[in-house]
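> Quick note, my numbering runs 2 ahead of the 1-based positions in the sequence shown. Take this structure first; my questions come after.
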Amino acid sequence: MTASASLMTGPSPAVAPRQATTVYGAVGLIGDPFPQDPIAGTYVALGRQIAVLDGVRSWLASSDAEAPGLAVIAGPAGSGKTRLLEQLVLGIAGDDRLIGVVPAEDGPRSDAHLLRAATAALGGAPRGRTGLELTTELRAIFEDHRQDPLPPVLLIDDAALTGSQLEILRGVLTGPASVPDQTRVQIVLFGPPALPDRIARRRSLSGLTRYGATLSPLDAADARLLLDGRIAAMRDHGIPAEEPFISEPALEIMLAASAGNPGDLLRLAHTAVREAIATGGQRVDAATARAVTRAASTPGGPSFPPTIASGDAAIQTRLVLPGVDDASEPSASSRRRRQQR
3 MTASASLMTG PSPAVAPRQA TTVYGAVGLI GDPFPQDPIA GTYVALGRQI
53 AVLDGVRSWL ASSDAEAPGL AVIAGPAGSG KTRLLEQLVL GIAGDDRLIG
103 VVPAEDGPRS DAHLLRAATA ALGGAPRGRT GLELTTELRA IFEDHRQDPL
153 PPVLLIDDAA LTGSQLEILR GVLTGPASVP DQTRVQIVLF GPPALPDRIA
203 RRRSLSGLTR YGATLSPLDA ADARLLLDGR IAAMRDHGIP AEEPFISEPA
253 LEIMLAASAG NPGDLLRLAH TAVREAIATG GQRVDAATAR AVTRAASTPG
303 GPSFPPTIAS GDAAIQTRLV LPGVDDASEP SASSRRRRQQ R
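Below, the structure written as C-alpha coordinates:
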(Lines of atoms letter the chains of each structure in order from A; the text may use other names.)
(Lines give C-alpha, C1' and ligand atoms only; values in the text may rest on other atoms or scores of the structure.)
Protein backbone atom coordinates (compact mmCIF):
# COMPACT_ATOMS: atom_id res chain seq x y z
CA MET A 3 0.00 0.00 0.00
CA THR A 4 1.04 3.56 -0.45
CA ALA A 5 2.39 4.90 2.81
CA SER A 6 0.46 7.79 4.22
CA ALA A 7 0.56 10.07 7.23
CA SER A 8 -2.28 10.24 9.74
CA LEU A 9 -2.74 12.99 12.28
CA MET A 10 -2.72 12.39 16.00
CA THR A 11 -5.61 13.37 18.21
CA GLY A 12 -5.91 17.14 18.53
CA PRO A 13 -3.72 18.34 15.67
CA SER A 14 -3.21 21.94 14.81
CA PRO A 15 -5.84 23.12 12.30
CA ALA A 16 -3.00 24.55 10.22
CA VAL A 17 -2.39 21.15 8.61
CA ALA A 18 -5.21 19.14 7.05
CA PRO A 19 -4.99 15.37 6.47
CA ARG A 20 -5.21 15.88 2.69
CA GLN A 21 -2.13 18.11 2.77
CA ALA A 22 -0.23 15.83 5.11
CA THR A 23 -0.29 12.91 2.68
CA THR A 24 0.97 14.78 -0.35
CA VAL A 25 4.69 14.08 0.10
CA TYR A 26 4.26 10.31 0.09
CA GLY A 27 0.95 9.97 -1.71
CA ALA A 28 1.74 12.24 -4.65
CA VAL A 29 4.79 10.20 -5.67
CA GLY A 30 3.04 6.84 -5.30
CA LEU A 31 5.45 5.42 -2.74
CA ILE A 32 4.66 1.88 -1.61
CA GLY A 33 6.88 2.12 1.45
CA ASP A 34 9.29 4.35 3.30
CA PRO A 35 12.47 5.09 1.32
CA PHE A 36 14.18 6.58 4.38
CA PRO A 37 13.59 4.42 7.47
CA GLN A 38 15.08 5.53 10.77
CA ASP A 39 17.86 2.94 10.44
CA PRO A 40 19.71 3.72 7.18
CA ILE A 41 20.86 0.09 6.87
CA ALA A 42 17.22 -1.04 6.78
CA GLY A 43 16.55 0.73 3.50
CA THR A 44 17.14 -0.37 -0.07
CA TYR A 45 20.77 -0.74 -1.11
CA VAL A 46 21.77 1.70 -3.86
CA ALA A 47 24.96 0.86 -5.74
CA LEU A 48 27.26 3.87 -6.05
CA GLY A 49 30.17 4.00 -8.45
CA ARG A 50 32.88 4.28 -5.81
CA GLN A 51 31.42 1.38 -3.84
CA ILE A 52 31.18 -0.79 -6.94
CA ALA A 53 34.86 -0.11 -7.57
CA VAL A 54 35.75 -1.28 -4.04
CA LEU A 55 33.65 -4.42 -4.39
CA ASP A 56 35.26 -5.19 -7.74
CA GLY A 57 38.71 -4.72 -6.21
CA VAL A 58 38.06 -7.10 -3.33
CA ARG A 59 36.43 -9.72 -5.55
CA SER A 60 39.30 -9.50 -8.01
CA TRP A 61 41.76 -10.29 -5.22
CA LEU A 62 39.59 -13.11 -3.85
CA ALA A 63 39.57 -14.75 -7.29
CA SER A 64 43.23 -14.11 -8.20
CA SER A 65 46.13 -16.56 -8.15
CA ASP A 66 47.49 -14.61 -5.17
CA ALA A 67 44.58 -16.03 -3.19
CA GLU A 68 46.67 -19.14 -2.49
CA ALA A 69 48.83 -17.03 -0.17
CA PRO A 70 47.31 -15.76 3.08
CA GLY A 71 46.37 -12.14 3.00
CA LEU A 72 44.26 -9.20 4.06
CA ALA A 73 41.94 -6.76 2.39
CA VAL A 74 41.21 -3.63 4.41
CA ILE A 75 38.14 -1.45 3.76
CA ALA A 76 38.18 1.67 5.92
CA GLY A 77 35.71 4.44 6.58
CA PRO A 78 33.93 6.29 9.39
CA ALA A 79 30.68 5.10 10.94
CA GLY A 80 27.87 5.55 8.44
CA SER A 81 30.12 5.39 5.37
CA GLY A 82 28.48 2.20 4.11
CA LYS A 83 30.96 -0.51 5.19
CA THR A 84 28.28 -2.89 6.48
CA ARG A 85 26.28 -2.58 3.27
CA LEU A 86 29.45 -3.32 1.28
CA LEU A 87 30.06 -6.41 3.39
CA GLU A 88 26.51 -7.59 2.69
CA GLN A 89 26.97 -7.06 -1.03
CA LEU A 90 30.31 -8.85 -1.00
CA VAL A 91 28.75 -11.87 0.71
CA LEU A 92 25.99 -11.94 -1.91
CA GLY A 93 28.59 -11.68 -4.67
CA ILE A 94 30.70 -14.65 -3.49
CA ALA A 95 27.89 -16.79 -2.08
CA GLY A 96 28.01 -19.03 -5.16
CA ASP A 97 31.75 -19.69 -4.87
CA ASP A 98 32.89 -23.14 -3.79
CA ARG A 99 34.49 -21.96 -0.57
CA LEU A 100 33.93 -21.60 3.17
CA ILE A 101 32.67 -18.13 4.11
CA GLY A 102 32.41 -16.74 7.63
CA VAL A 103 31.06 -13.34 8.71
CA VAL A 104 31.77 -11.75 12.08
CA PRO A 105 29.08 -9.07 12.48
CA ALA A 106 29.46 -5.73 14.24
CA GLU A 107 29.10 -5.69 18.01
CA ASP A 108 27.46 -3.13 20.29
CA GLY A 109 30.67 -2.74 22.28
CA PRO A 110 34.41 -3.41 21.92
CA ARG A 111 35.55 -7.01 21.41
CA SER A 112 38.01 -8.70 23.73
CA ASP A 113 40.79 -10.82 22.23
CA ALA A 114 39.04 -14.04 23.24
CA HIS A 115 35.67 -12.84 21.95
CA LEU A 116 37.16 -11.99 18.55
CA LEU A 117 38.63 -15.49 18.21
CA ARG A 118 35.48 -17.22 19.41
CA ALA A 119 33.29 -15.14 17.08
CA ALA A 120 35.52 -15.95 14.11
CA THR A 121 35.50 -19.69 14.89
CA ALA A 122 31.71 -19.72 15.31
CA ALA A 123 31.23 -17.74 12.07
CA LEU A 124 33.07 -20.51 10.20
CA GLY A 125 30.92 -23.24 11.72
CA GLY A 126 33.25 -24.25 14.54
CA ALA A 127 32.55 -24.70 18.25
CA PRO A 128 35.17 -22.74 20.22
CA ARG A 129 36.24 -24.53 23.40
CA GLY A 130 39.67 -23.09 24.11
CA ARG A 131 40.38 -21.11 27.27
CA THR A 132 43.55 -19.32 26.28
CA GLY A 133 44.40 -17.18 23.29
CA LEU A 134 46.77 -19.86 21.99
CA GLU A 135 44.12 -22.57 22.25
CA LEU A 136 41.51 -20.41 20.52
CA THR A 137 43.96 -19.45 17.75
CA THR A 138 44.85 -23.11 17.23
CA GLU A 139 41.15 -24.00 16.93
CA LEU A 140 40.62 -21.32 14.31
CA ARG A 141 43.67 -22.37 12.31
CA ALA A 142 42.48 -25.97 12.44
CA ILE A 143 39.31 -24.98 10.56
CA PHE A 144 41.39 -23.39 7.81
CA GLU A 145 43.63 -26.47 7.69
CA ASP A 146 40.59 -28.74 7.26
CA HIS A 147 39.73 -26.75 4.12
CA ARG A 148 43.23 -26.61 2.66
CA GLN A 149 42.24 -28.83 -0.27
CA ASP A 150 39.11 -26.83 -1.16
CA PRO A 151 39.07 -25.28 -4.66
CA LEU A 152 39.17 -21.81 -3.09
CA PRO A 153 40.55 -20.76 0.29
CA PRO A 154 38.18 -19.85 3.12
CA VAL A 155 37.15 -16.22 3.48
CA LEU A 156 36.62 -14.53 6.83
CA LEU A 157 34.90 -11.12 6.81
CA ILE A 158 34.98 -9.01 9.98
CA ASP A 159 32.69 -6.02 10.34
CA ASP A 160 33.48 -3.12 12.69
CA ALA A 161 37.08 -4.33 12.86
CA ALA A 162 38.46 -1.64 15.17
CA LEU A 163 41.49 -3.83 15.88
CA THR A 164 44.41 -2.58 17.96
CA GLY A 165 47.47 -3.95 19.73
CA SER A 166 47.04 -7.56 20.77
CA GLN A 167 44.19 -8.14 18.33
CA LEU A 168 46.41 -7.21 15.41
CA GLU A 169 49.01 -9.62 16.77
CA ILE A 170 46.33 -12.32 16.92
CA LEU A 171 45.50 -11.58 13.29
CA ARG A 172 49.15 -12.01 12.34
CA GLY A 173 49.27 -15.31 14.22
CA VAL A 174 46.18 -16.59 12.43
CA LEU A 175 47.61 -15.69 9.02
CA THR A 176 51.21 -16.87 9.46
CA GLY A 177 51.04 -19.49 12.20
CA PRO A 178 53.83 -20.45 14.60
CA ALA A 179 57.39 -20.93 13.36
CA SER A 180 57.07 -24.70 13.91
CA VAL A 181 54.38 -24.91 11.21
CA PRO A 182 55.97 -25.06 7.73
CA ASP A 183 52.94 -23.91 5.75
CA GLN A 184 51.16 -20.58 6.03
CA THR A 185 47.44 -20.53 6.66
CA ARG A 186 45.36 -20.74 3.48
CA VAL A 187 42.82 -18.04 4.20
CA GLN A 188 41.71 -14.61 3.02
CA ILE A 189 40.53 -12.10 5.61
CA VAL A 190 38.59 -8.93 4.75
CA LEU A 191 38.42 -6.26 7.44
CA PHE A 192 35.83 -3.47 7.47
CA GLY A 193 37.11 -0.95 9.99
CA PRO A 194 37.60 2.69 11.03
CA PRO A 195 39.74 5.20 9.12
CA ALA A 196 42.69 4.58 11.46
CA LEU A 197 42.87 0.83 10.73
CA PRO A 198 45.09 0.95 7.61
CA ASP A 199 47.69 3.04 9.45
CA ARG A 200 47.65 0.67 12.44
CA ILE A 201 48.30 -2.25 10.11
CA ALA A 202 50.96 -0.36 8.14
CA ARG A 203 52.94 0.26 11.36
CA ARG A 204 53.25 -3.51 11.87
CA ARG A 205 55.74 -4.84 9.34
CA SER A 206 54.53 -8.43 9.71
CA LEU A 207 50.99 -7.39 8.76
CA SER A 208 51.65 -4.66 6.22
CA GLY A 209 53.35 -7.22 3.99
CA LEU A 210 50.20 -9.34 4.08
CA THR A 211 47.83 -6.57 2.91
CA ARG A 212 46.77 -7.43 -0.65
CA TYR A 213 44.07 -4.82 -1.17
CA GLY A 214 43.06 -1.61 0.60
CA ALA A 215 40.47 1.12 0.07
CA THR A 216 39.09 4.03 2.06
CA LEU A 217 35.48 5.06 1.49
CA SER A 218 35.48 8.76 0.64
CA PRO A 219 32.61 11.17 1.39
CA LEU A 220 29.78 11.47 -1.12
CA ASP A 221 29.84 14.20 -3.72
CA ALA A 222 26.66 15.87 -4.95
CA ALA A 223 26.17 13.42 -7.83
CA ASP A 224 26.43 10.34 -5.62
CA ALA A 225 24.25 11.94 -2.95
CA ARG A 226 21.53 12.55 -5.53
CA LEU A 227 21.91 9.00 -6.84
CA LEU A 228 21.60 7.61 -3.31
CA LEU A 229 18.45 9.54 -2.40
CA ASP A 230 16.77 9.10 -5.78
CA GLY A 231 17.67 5.43 -5.81
CA ARG A 232 16.00 4.92 -2.43
CA ILE A 233 12.86 6.67 -3.68
CA ALA A 234 12.81 4.84 -7.03
CA ALA A 235 13.03 1.46 -5.30
CA MET A 236 9.82 2.17 -3.36
CA ARG A 237 7.89 4.04 -6.04
CA ASP A 238 4.70 2.82 -7.68
CA HIS A 239 4.54 5.51 -10.33
CA GLY A 240 7.36 7.87 -11.28
CA ILE A 241 7.48 11.61 -10.77
CA PRO A 242 8.82 13.99 -13.42
CA ALA A 243 12.59 14.30 -13.47
CA GLU A 244 12.28 18.08 -13.33
CA GLU A 245 10.37 17.80 -10.02
CA PRO A 246 12.73 15.94 -7.69
CA PHE A 247 11.18 14.76 -4.46
CA ILE A 248 14.09 16.38 -2.58
CA SER A 249 15.02 19.70 -4.17
CA GLU A 250 18.59 20.50 -5.19
CA PRO A 251 18.98 23.30 -2.60
CA ALA A 252 17.73 20.93 0.12
CA LEU A 253 20.15 18.25 -1.03
CA GLU A 254 23.07 20.69 -0.93
CA ILE A 255 22.17 21.78 2.61
CA MET A 256 21.87 18.21 3.92
CA LEU A 257 24.98 17.06 2.08
CA ALA A 258 27.03 19.86 3.67
CA ALA A 259 25.58 19.14 7.13
CA SER A 260 26.36 15.43 6.82
CA ALA A 261 29.88 16.07 5.45
CA GLY A 262 29.12 13.53 2.73
CA ASN A 263 28.53 10.68 5.17
CA PRO A 264 25.85 8.40 3.61
CA GLY A 265 24.38 7.28 6.93
CA ASP A 266 24.07 10.82 8.27
CA LEU A 267 22.61 12.04 4.97
CA LEU A 268 19.95 9.30 5.06
CA ARG A 269 19.09 10.13 8.68
CA LEU A 270 18.62 13.77 7.72
CA ALA A 271 16.43 12.68 4.81
CA HIS A 272 14.38 10.54 7.22
CA THR A 273 13.68 13.56 9.39
CA ALA A 274 13.25 16.01 6.49
CA VAL A 275 10.55 13.90 4.84
CA ARG A 276 8.56 13.78 8.08
CA GLU A 277 8.99 17.51 8.52
CA ALA A 278 7.70 18.13 5.01
CA ILE A 279 4.66 15.98 5.82
CA ALA A 280 4.09 17.86 9.07
CA THR A 281 4.08 21.19 7.25
CA GLY A 282 1.85 19.98 4.41
CA GLY A 283 4.55 20.39 1.79
CA GLN A 284 4.76 18.41 -1.43
CA ARG A 285 8.54 18.09 -1.40
CA VAL A 286 11.57 18.60 0.83
CA ASP A 287 12.62 22.18 0.17
CA ALA A 288 15.51 24.30 1.42
CA ALA A 289 13.53 25.70 4.37
CA THR A 290 12.75 22.19 5.60
CA ALA A 291 16.36 21.09 5.15
CA ARG A 292 17.64 24.09 7.11
CA ALA A 293 15.19 23.41 9.97
CA VAL A 294 16.26 19.78 10.15
CA THR A 295 20.00 20.46 10.01
CA ARG A 296 19.73 23.19 12.65
CA ALA A 297 17.96 20.79 15.01
CA ALA A 298 20.48 18.04 14.30
CA SER A 299 23.39 20.33 15.18
CA THR A 300 21.87 21.74 18.40
CA PRO A 301 24.41 21.21 21.25
CA GLY A 302 23.11 18.79 23.83
CA GLY A 303 20.11 17.87 21.70
CA PRO A 304 19.37 14.66 19.86
CA SER A 305 21.58 14.10 16.84
CA PHE A 306 18.73 13.23 14.50
CA PRO A 307 15.34 13.72 16.18
CA PRO A 308 12.32 11.88 14.73
CA THR A 309 10.41 15.17 14.30
CA ILE A 310 11.30 18.82 14.62
CA ALA A 311 9.38 21.26 16.81
CA SER A 312 9.93 24.91 16.03
CA GLY A 313 7.98 28.09 16.69
CA ASP A 314 5.76 27.39 13.67
CA ALA A 315 2.47 25.81 14.76
CA ALA A 316 2.28 23.74 11.57
CA ILE A 317 5.72 22.22 12.13
CA GLN A 318 4.76 21.30 15.68
CA THR A 319 2.00 19.01 14.41
CA ARG A 320 3.01 15.42 15.19
CA LEU A 321 2.19 12.69 12.68
CA VAL A 322 2.12 8.92 12.63
CA LEU A 323 3.49 6.98 9.65
CA PRO A 324 1.85 3.54 9.95
CA GLY A 325 4.41 0.79 10.13
CA VAL A 326 7.30 3.23 10.16
CA ASP A 327 7.38 5.23 13.38
CA ASP A 328 5.57 4.86 16.65
CA ALA A 329 3.41 7.79 17.71
CA SER A 330 5.24 10.29 19.86
CA GLU A 331 3.76 12.62 22.42
CA PRO A 332 2.70 16.06 21.13
CA SER A 333 4.97 18.89 22.08
CA ALA A 334 4.16 21.01 25.12
CA SER A 335 3.19 23.97 22.95
CA SER A 336 0.80 21.74 20.97
CA ARG A 337 -0.87 20.64 24.21
CA ARG A 338 -1.21 24.28 25.27
CA ARG A 339 -2.93 25.16 22.00
CA ARG A 340 -5.46 22.38 22.48
CA GLN A 341 -6.15 23.56 26.03
CA GLN A 342 -6.68 27.09 24.76
CA ARG A 343 -9.15 25.84 22.14
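By construction, the Cβ of each residue, glycine as well, lies at the ideal position given by its N, Cα and C atoms.
#1: What do you get for R148, buried or exposed, if any count of 16 or more other CB atoms within 10 angstroms of its CB means buried?
#2: So, at 6 Å on beta carbons, what are the nonlocal neighbours of I189 in its own chain, with the 5 sequence-adjacent residues on each side left out?
#3: Considering just the uninterrupted stretch of the beta strand (DSSP E) at L72, what are its terminal residues?
#4: Beta carbon of P264, beta carbon of L228: below 8 Å?
#5: Between P194 and the rest of its own chain, which residues show a CB-CB distance below 6 Å, the 5 nearest in sequence each way excluded?
#6: With a threshold of 8 Å, are at least 3 pairs of Cβ atoms found where one atom belongs to the segment 264–284 and the other to the segment 36–52?
#7: Consult DSSP for V46 and reduce its assignment to one of helix, strand or coil.
#8: Given a cut-off of 8 Å on the beta-carbon distance, is the pair R292 and S249 in contact?
#9: Rounded to a whole number of angstroms, what is the C-alpha to C-alpha distance between A120 and I158?
#10: Tell whether a beta-carbon distance below 8 Å holds between I75 and L86.
#11: Helix, strand or coil for V58 per DSSP?
#12: Measure the alpha-carbon distance for A297 versus E277 and round it to whole angstroms.
#13: Assign P110 to buried or exposed, taking buried as 16 or more other Cβ atoms, counted over all protein chains shown, within 10 Å of its Cβ.
#14: Residues in its own chain within less than 7 Å of Q51 by CB, not counting five upstream and five downstream?
#15: Roughly how many whole angstroms lie between the Cα atoms of A289 and L55?
#16: Going by C-alpha to C-alpha distance, which of A234, I279 and Q167 sits closest to Y45?
#17: Please list, in chain order, all residues of the same chain as G231 whose beta carbon is under 6 Å from its beta carbon, the five residues on each side excluded.
#18: Could you say which of I170, L117 and V187 lies nearest to R99 if we only look at CA atoms?
#19: Please report the distance separating the alpha-carbon of P128 from that of V174.
#20: Work out the CA separation of E135 and S112 for me, nearest whole Å.
#21: In angstroms, rounded to a whole number, what distance separates the CA positions of D150 and R172?
#22: Return the first residue and the last residue of the alpha helix (DSSP H) that G165 is part of.
#23: Which one or two residues does DSSP pair with T216 in a beta bridge?
#24: So, helix, strand or coil for L87, using DSSP?
#25: List the whole-angstrom C-beta distance separating G262 from P219, where the pair is believed to meet the contact cut-off of C-beta under 8 Å.
#26: For G379 and D287, I'd like the C-alpha separation in whole angstroms.
#27: CB-CB under 6 Å to H206, same chain, minus the five flanking residues each way: which ones, in chain order?
#28: In three-state terms, what does DSSP make of R232?
#29: Just verifying my parser: in three-state terms, what is the DSSP assignment at V155?
Working from what's here:
#1: exposed
#2: L72 and L156
#3: G71 to A76
#4: yes
#5: A162
#6: yes
#7: coil
#8: no
#9: 8 Å
#10: yes
#11: helix
#12: 12 Å
#13: exposed
#14: G82 and L86
#15: 37 Å
#16: A234
#17: V46
#18: V187
#19: 15 Å
#20: 15 Å
#21: 22 Å
#22: G165 to T176
#23: A76
#24: helix
#25: 3 Å
#26: Shown here, the chain extends from 3 to 343; a query on residue 379 therefore has no answer.
#27: Looking at the sequence itself, residue 206 is Ser, so the reference to His does not match. Closer than 6 Å at the Cβ level, and outside the excluded window around S206, lie R172.
#28: helix
#29: strand
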